[in-house]
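Read through the structure below, which is laid out as structure tokens, and then see the notes.
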Amino acid sequence: MALTVHMSPEAGGRLVLDGFTYDPRVPYTPGEVVRIKVLPAAGYQFAGWSGDVPAGHGDDVPLEVTIGEAPQDIVAHFAPVSKDASELVFDANFENGNGILRYLYRDSRRLVVEPLQVKAANNIWWHFKIHGIVPGEFLVLNVVHCPIAGDSQPVYSYDGVTWQRFTSTRAPYVQKFTAPSVEIARNIPYSYSRTLTLAAEMRGPQVQVQNLAVSEEGRPIKMFRFTDPDEPDTDKRVIWIMARQHAFESHSSWYAEGLARWLLGNHALAAALRRQAIVYVVPMMDVDNVYHGGAGKEQLNALGERVDLNRSWGPNSPWTVIRAAQALLGTLKATHDIAAFIDLHNPWYPDPPHWHIRHTFGTQVTTFAELWSSELAATGSDVQWKHWLRVKAPDQSEDIEPTPGMLTATEYAEQALFSQYEDHLCFTIETPHWHDGYGNPITLASLRAYGEALGRSLARFLGASESE
Ligand SMILES: [Zn+2]
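Take the position in the sequence shown, starting the count at 1, then add 31; the result is the number in the numbering used here.
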């Protein structure tokens, strides 16, 4: 059937349909979905769609249109950039902010941004603010100037609390903003300060807020210890959960926060878990790189070597937080059974949800994953998650270039913390940046629900039930 797309005015830019320049002779089949993008020309800004546009999608770029039986006619509107428009102001100079404004095209309200390579890491994290927006205008944002930090589905917020996704998953983004200032990031940000705020909210006899360590740059690394003070600690099993060994993986901290808030609460399963276990939650390990907006992966150290916090769990780790974690875990192991060691991450873009499992824990964690999924459903949140499990072959190390002395956290835990593997858990959860595995975007509500599901399933794993 005929799909006609016009530009108004013709000089406003270019139309791209499914990646190709618009050609009105191309026939479409009813039911087919077509994605229409615009690339505004210099001097013009996109100004929205009209015509046979799906309701509520008049500002989407790309615009997704399902071909119907009748001819469809769509108009892409462009407006000349006002000479009186306020100057756009780019700002990455705040906590966790990172971004270099490479180009600012005043005549088309277009910005080209790339991340600063903090500590010479291959940094893919950017987080910045734009001020001076004329509310209702469409800006063009390009981030593929630095290819590894390119395509994603960025998030934006007008208040730093509520986050929405861009419409597009591919740069250059043409996105409408409705307030004078906007904060944009690759993923929902989670700053170091938020761990301090969260720590201040962790109050009650069931939790102790401790500093696991103080970072190289002097920042306290918060750790929460949950247990029931009315039950003697002697026979309790220990559970260790940490997040954010990689600084750009902000969703792992949200996951840990969801777990911490559930553990603090009065759900019967949370109370049962606190009676049976001492649960340690560290929401952010690499606080310094998070503070500076770094990626934290493969950064250069003072000796010119490539180092990565998660691969530095061997003897004499250069990181004080790892040495402190190992010392504490060693002490705990002497008096308690360590039941679980869980490391929260986000994968490389745009990988789907998955768990990395040491082969020695393959059976237990595979069973636990089913428990986790059913407990996610039991949260009543309607949040979904479809993961795949990746159990390593017996002699398979991490899929990264081996570095002498390299040991990941779970490899360390497997070797140092468990006297037996049966009835114990050791694995890594990779929570995606974008989608839950079913195509739904990951939101703060999803991340909270995932944390709660982990708490609930750990309680069940230890044999707790709601009726206790
Ligand atoms: Zn990671």
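For every residue, glycine included, the Cβ atom is placed at its ideal position computed from N, Cα and C.
Beta carbon of glutamate 145 nearer than 8 Å to that of valine 186: no
Candidates Glu483, Arg342, Leu478, Pro472: closest to alanine 196 by CA position: It is arginine, not alanine, that sits at residue 196 in the sequence shown. That would be Pro472, whose Cα lies nearest to the Cα of arginine 196.
Beta-carbon proximity list for glutamate 248, same chain, < 6 Å, skipping 5 on both sides: Asp319
Endpoints, alpha helix (DSSP H) assigned at arginine 305: 299-307
Backbone CA spacing between cysteine 457 and aspartate 115 [nearest angstrom]: 59 Å
Outcome for tryptophan 419 when other beta-carbon atoms lying within 10 angstroms are tallied against a minimum of 16: exposed
Cα-Cα separation, glutamine 206 to alanine 424: 45 Å
Endpoints, alpha helix (DSSP H) assigned at threonine 97: Looking at the DSSP string, threonine 97 is not in any alpha helix (DSSP H); the run it does join, the beta strand (DSSP E), is 94-97.
Any non-hydrogen atom of ligand 1 within 7 Å of glutamine 276 CB: yes
For leucine 295 and threonine 17, the rounded distance between their alpha carbons: The structure shown does not extend to residue 17, since the chain spans only 32 to 499, so no value can be given for it.
C-alpha distance - phenylalanine 257 paired with isoleucine 309, whole-angstrom precision: 6 Å
Candidates Ala123, Arg389, Thr97, Asp339: closest to threonine 551 by CA position: Here the chain covers residues 32 to 499 and nothing more, so residue 551 does not appear.
Run of the beta strand (DSSP E) containing tryptophan 271, from where it starts to where it stops: 268-274
Beta-carbon spacing of threonine 459, tryptophan 386 below 8 Å: yes
Check whether proline 314 and threonine 228 have beta carbons under 8 Å apart: no
Beta-carbon gap between glycine 181 and alanine 202 smaller than 8 Å: yes
Environment of serine 488 [buried if 16+ CB atoms lie within 10 Å]: buried
Close beta carbons around valine 245, own chain, < 8 Å, minus the five adjacent residues each side: Pro251, Ile252, Thr351
Unbroken beta strand (DSSP E) run spanning serine 81, endpoints: 75-82
8 Å Cβ cutoff met for glycine 82 and valine 65: no
Limits of the beta strand (DSSP E) - the one that leucine 135 falls within: 131-136
Proximity to glutamine 239 [Cα-Cα], best of Asp259, Pro220, Ser224, Tyr221: Asp259
8 Å contact criterion, which leucine 375 and threonine 462 should meet: CB distance rounded: 7 Å
Near ligand 1: histidine 323 beta-carbon under 7 Å from a heavy atom: no
Backbone CA spacing between arginine 292 and proline 40 [nearest angstrom]: 53 Å
When Arg389, Ala123, Pro111 are compared against glutamine 446, the one with the closest alpha-carbon: Arg389
Sheet register partners of arginine 256 (DSSP bridge): Gln239, Tyr311
Buried/exposed call for isoleucine 353, threshold 16 Cβ in 10 Å: buried
Per DSSP, the bridge partner or partners of isoleucine 388: Val422, Phe458
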